[in-house]
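Remarks on the structure that follows.
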Amino acid sequence: MNQSNGNENANQHTLAQPITISGVGIHTGASVTMTLEPAEPNTGIVFQRVDLPNQPSVKADVDFVTETNRSTTLANNGASISTIEHLLAAFAGCEIDNVLVKIDGPEVPILDGSSRPFVEALEKAGRQKQDAIKTWYSIEHNIYFLDENKKVEMVAMPADTFRINTLIDFNSPVLGTQHAQMSNIGEFNNEIASCRTFSFFHELEFLLKNNLIKGGDLNNAIVVVDKPVTDEQLETLSTAFGKEKFAVTSEGYLNNLQLRFPNEPARHKLLDLVGDLSLVGIPFKAHIIANRPGHASNVEFARKIKEHIKKNRFKAQVPAYYPDKPPVHDVTAIEKILPHRYPFLLVDKIIELTDTYIVGVKNVTYNEPFFQGHFPGNYVMPGVLQVEALAQCGGLLAIPKDTDDKYDTYFLKVDNCKFKQKVVPGDTLILKMELKNPIRRGIVEMRGTIFVGSKVVCEGDLTAQIVKRTKND
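Here the sequence shown stands for residues 153 to 625, numbered as in this note's numbering.
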């Protein structure tokens, strides 16, 4: 798989073909079959409980997390699904953005306790590039999370990629203090994905006595023995899992399996963090440093990051405007493309133009003719003219280039239009129009945003049709 590692203009991806994965849930003991299917752009990861009436679904988003005790659980619309973190981490590691997970039980199968089986299945299915941009958001300043009771400390710092450092310290003579790192998401599949979950022997006893790991078989977990155990305890464990008698290695682990890395427990904590932070629901770049991470702390940290991005996401999208820089098109060039003239030409110049977006400028002055009749004495630019300015900018993006033929753009509808603050004389409008989908059969779908400074004043979704002019036009 080719991976973007957080490139600014990477496309979204889904699966190239459906895949089916079966296994047992570690906590419920339920046999589960999942079918992972391609999904449309901007869908995200959605779980659908096909075993329940009406087949309800829940999106993998921190807003829907309801439980974080030993695993992460989502619930909404009557659909609940637990132990999602290893699968979500695999999606993140393979940089697959849009998937519908049809599952016939309440828990994602544990398999070998890591993300590797999921990664292998995803790599076998392959990725499908989609006609939609994957926008990465940057952290504007340090974001801190602290839980003094659990001695958890986390920070997300501005960075040009997505990287993580984790530190674990359980006051265990076996584990000691362990550190793991991932410099970018491209390292996940080879360095992190195969690392399995772990449990302490005394925790395992408690879980068995309380019937809380019905699907555990010790092939999917590392067991740390950091306190003396008796032969009777080992015999009880062997009987519970139907295995030959266990022994404790000199390193302090049960002899049921070999470590894949000397710091496999720390790497697994990093794996869990990748899965839980994907619940932010928005691709972001940051350097994460996490001391003693766990599901509850991971989720609360994800909530803080999502809140920060929602508050600052438009700031990251504000186009840079340098008045002294020569424009792509000045008003004379614009008149040669658009049929509009005074007083209805509402774009003064174009400062950016690519195949997928355009940025224009409109200077609003006291001399605008509409101010004579629109709130005289309290001059406010009509919202409909703001939308018209966006539409004209979109026309310049959509009209075919490198041809002698003439085209007009007729707008068919405007959806989700919002006006966030008034526009007054002296404001400089930065008009940005982005293609939501490739142009098909002359139909153009665009997302428009108007900025004044760093603030959004208007936004909406516009759909238009490109029509070739006849010779009589």
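The C-beta atom is built at its ideal place from N, Cα and C for all residues, glycine as well.
Note that the structure is a prediction, hence the values are computed from the model and not measured.
Beta-bridge pairing by DSSP links residue 435 to no other residue. Selection 516, 423, 434, 297 evaluated against residue 285 yields 434 as nearest (Cα-Cα). Closest option to residue 410, judged by alpha-carbon separation, among 374, 443, 386, 418: 374. According to the DSSP assignment, residue 543 belongs to no beta strand (DSSP E) but to the alpha helix (DSSP H) extending over 535-550.
Of all alpha-carbon atoms in 164, 165, 239, 167, the one lying nearest the alpha-carbon of residue 177 is that of 239.
Comparing alpha carbon positions, the residue from 609, 608, 592 closest to residue 283 is 592. Residue 448 has its alpha-carbon roughly 24 angstroms from the corresponding atom of residue 201. Looking from the CA of residue 574, the closest CA among 538, 561, 587 belongs to 538. In the displayed model, residue 469 falls within a helix according to three-state DSSP. When the five nearest sequence neighbours on each side are left out, no beta carbon in the same chain lies closer than 7 angstroms to the beta carbon of residue 605. If the five residues before and after residue 171 are omitted, its C-beta is found closer than 8 angstroms to the C-beta atoms of 187, 188, 273, 274, 276, 277, all from its own chain and listed in chain order. Under the rule that a run must span 4 or more residues, the alpha helix (DSSP H) segments found entirely inside the segment 283-354 read 340-343.
Every alpha helix (DSSP H) of 4 residues or more that sits fully in the segment 443-497 is shown, in chain order, as 447-469, 483-489. Rounded to the nearest whole angstrom, the C-alpha separation of residue 169 and residue 190 is 7 angstroms. In this chain, the alpha helix (DSSP H) harbouring residue 428 covers 416-429. Taking 9 angstroms as the cut-off, the beta carbon of residue 175 is found closer than this to the beta carbon of residue 263. About 7 angstroms separates the beta carbon of residue 509 from that of residue 584, a gap short enough to meet the 8 angstroms contact definition. Note: residue 620 is bridge-paired with 559 in the DSSP secondary-structure output.
For the segment 211-266, the full-length alpha helix (DSSP H) segments reaching 4 residues or more read 237-245 along the chain.
When 430, 476, 536, 621 are compared, the shortest CA-CA separation from residue 614 is found for 536. Annotated three-state conformation of residue 386 is helix, per DSSP.
With a cut-off of 8 angstroms on Cβ pairs, the segment 472-482 is not in contact with the segment 246-254, counting fewer than three such pairs. When rounded, the separation of the alpha-carbon atoms in residue 257 and residue 204 is 9 angstroms. Distance from residue 620 to residue 557 at the Cβ level is roughly 6 angstroms; contact confirmed, criterion being Cβ atoms closer than 8 angstroms. One thing to note: residue 212 has its Cβ within 9 angstroms of the Cβ of residue 236. The beta carbon of residue 281 lies closer than 7 angstroms to those of 163, 165 in the same chain, with the five residues before and after it left out. Sixteen is the threshold: when 16 or more other Cβ atoms of the shown chains lie within 10 Å of the Cβ of residue 546, as they do, the residue is buried.
Note that the segment 213-223 does not touch the segment 287-301; fewer than 3 beta-carbon pairs, one per stretch, sit closer than 8 angstroms. Judged by DSSP secondary structure, residue 199 falls within the beta strand (DSSP E) whose first and last residues are 197-201. If the five residues before and after residue 421 are omitted, its C-beta is found closer than 6 angstroms to the C-beta atoms of 318, 320, 445, all from its own chain and listed in chain order. Comparing C-alpha distances from residue 323 to each of 308, 267, 302, 332 shows the shortest one belongs to 302. DSSP places residue 268 in the helix class (H, G or I) of the three-state scheme.
Residue 579 has no beta-bridge partner at all, per DSSP. Between the alpha carbons of residue 210 and residue 432 lies a gap of roughly 14 angstroms. For the pair residue 443 and residue 305, the CB atoms are nearer than the 9 angstroms cut-off.
In the three-state reduction of the DSSP assignment, residue 573 falls in the coil class.
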